[in-house]
Structures are given as C-alpha cells and as structure tokens.
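This report refers to the structure that appears directly beneath it.
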Amino acid sequence: MADLLPPEPEDVDLEVARALWAAGDPVLDVRTPEEYAAGHISGAINVPLDTLAFRLDSLPPGQVLTVCSLGNRSRRGAERLAHLGRPALSLRGGTKAWAAAGLPIRTGAEPGPRRARPWWRRWRRSFIGWGR
1 MADLLPPEPE DVDLEVARAL WAAGDPVLDV RTPEEYAAGH ISGAINVPLD TLAFRLDSLP
61 PGQVLTVCSL GNRSRRGAER LAHLGRPALS LRGGTKAWAA AGLPIRTGAE PGPRRARPWW
121 RRWRRSFIGW GR
C-alpha cells in the first residue's frame, strides 16, 4: 500500500536551495501576491498555494523548489505537487532565512516566465465548434 503513495517531499536547507537556484531550477513562491511583492527570491514565480493545482500545466517542467515566508506553506505546496505527480522540494526557513543569509531578495511583482500556451486556451479550443 505504501508503494501507491507519492514520496514525501524533502525540506532542504539554504545551501541546497541556493545550489538549485544557482543552477536555474524553478522556484515557486506559494504566498499571496501581496506577500510576494513585499519581498521574494529573485526569479521566483508567484503561484499562490490555493491556485497551485489549477496552474500545474503552466509550471516549468521537472523538479521545483517551493518557498514561503517560513517554510510551512511551502511544505504544503510541495506535498500537493507530489500528490499531483510533480517532484518538489521545500525551503526550510523560507524567504526569511534566505534574506537573513544575505541572498538576493527582490520587491515588486516580478513576472514569471512566459507560457507558450495557457491551459485555458487548450480547453477553450476543444469547445469551439460544438453545436455547429
């Protein structure tokens, strides 16, 4: 039965998180847009925790690092991603630990990467032509 459950996401420390960030791995900030704008890891994509499942198709492929202020919401985000089949890690200590270590923090609503085709366009296209 345990084989059917997704693996538990790992909480990583600053050293591992910094190495992933420096290597270009995607960083997802699961806080609200207001919290994100007040200060986030440079290059992090804002995907609030309550929208994570809906935005799964727009996320960069592969493993992601989830972050929040202290690490609690990012842990829940990493667990949700794992249950949805996406490998994810969570930064222990969150952006507060990142900033305290003197690592790059940005303010404002820095945009995430552009998507080639948002999920809703794929669905919309499947409904065009019905009833003709």
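So the sequence shown is numbered by the working numbering: it starts at 1 and just counts up by one.
By construction, the Cβ of each residue, glycine as well, lies at the ideal position given by its N, Cα and C atoms.
Listed in chain order, the non-local C-beta contacts of L65 below 8 Å within the same chain comprise V12, A17, L20, W21, D25, P26, V27, L28, A88, L89, S90, L91, local neighbours out to five positions each way being set aside.
By the criterion of a C-beta distance shorter than 6 Å, E10 is surrounded in its chain by L89, once the five residues flanking it on both sides are discounted. Membership of T32 in any beta strand (DSSP E) is not indicated, and neither H nor E is assigned to it by DSSP. Across the set L14, E8, G93, N46, the C-alpha of N46 shows the shortest separation from the C-alpha of R106. In summary, G108 is exposed, with fewer than 16 beta-carbon neighbours lying within 10 Å of its beta-carbon over all protein chains present.
Rounded to the nearest whole angstrom, the CA to CA distance from W98 to P104 is 8 Å. Comparing C-alpha distances from K96 to each of E8, L14, G77 shows the shortest one belongs to L14.
Taking a 10 Å sphere around the C-beta of S42, we find fewer than 16 other C-beta atoms and assign the residue as exposed. Counting of Cβ neighbours within 10 angstroms places L84 among the exposed residues, the total staying below 16.
Assigned with DSSP and collapsed to three states, A44 falls in coil, not helix or strand. L59 is positioned such that its CB atom lies no closer than 8 Å to that of G94.
Around the C-beta of A23, fewer than 16 other C-beta atoms lie within 10 Å, and the residue is accordingly described as exposed. In the DSSP assignment, R106 forms a beta bridge with H40.
Ranked by Cα distance from H40, the first of F54, C68, L56 is C68.
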